[in-house]
């Protein structure tokens, strides 16, 4: 870990990383939790908003509505 700390350029970054290591050593990993996924299995759609896009059927309906009509 000393090598990685020495590889950081700024003192601010070194202090931040060293503090993070100290907190992990004392309190364990994930010192701060937001509770977003408390007691729920994590699913990709909860984080990525995969339902924000139209389905293939919705795209087809949209195209049919906006297509210019022949006279």
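In the numbering used here, the protein residues as written are 26 to 96.
Note that CB positions come from ideal geometry on N, CA and C, so glycine has one too.
Keep in mind it's a predicted model, so treat the numbers as computed, not measured.
(request) Just confirm the distance between the C-beta atoms of residue 30 and residue 39, as a whole number of angstroms; I'd bet it's less than 8 Å. (result) Here the question's residue 30 lines up with position 5 in the chain shown. Here the question's residue 39 lines up with position 14 in the chain shown. Correct: roughly 6 Å between the Cβ atoms.
(message) Can you tell me where the alpha helix (DSSP H) holding residue 39 begins and where it ends?
(response) On the chain shown, residue 39 is found 14 positions in, with the first residue counted as 1. Taken as a continuous stretch (DSSP letters only), the alpha helix (DSSP H) holding residue 39 covers 36-52.
(message) I need the straight-line Cα distance from residue 33 to residue 46, nearest angstrom please.
(response) Counting from 1 along the chain shown, the entry for residue 33 is found at position 8. Counting from 1 along the chain shown, the entry for residue 46 is found at position 21. Using only the alpha carbons, I get a separation of about 14 Å.
(request) Compute the Euclidean distance between the alpha carbons of residue 51 and residue 43, then round it to the nearest angstrom. (result) As a first step, residue 51 must be located in the chain shown, where it is residue number 26. As a first step, residue 43 must be located in the chain shown, where it is residue number 18. Distance between the alpha carbons of residue 51 and residue 43: 12 Å.
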